[in-house]
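Residue numbers (this note's numbering): 4 to 50.
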């Protein structure tokens, strides 16, 4: 099992909020991979 920690801003795509996976991780991720994503809010956008 590999584990990566990234810090990202939430992006907006239409009405959806999205998290863009960094290109450096594309070699480690493949379609149909099952991943666990934990979200910790470090700072609110309006603060």
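The beta-carbon is built from N, C-alpha and C at its ideal position, and this holds for glycine as well.
- Excluding its 5 nearest sequence neighbours in each direction, residue 7 has C-beta neighbours in its own chain below 8 Å: 28, 31, listed in chain order.
- Beta-bridge pairing by DSSP links residue 18 to no other residue.
- The Cβ-Cβ distance between residue 25 and residue 42 does not fall below 8 Å.
- Annotated three-state conformation of residue 27 is helix, per DSSP.
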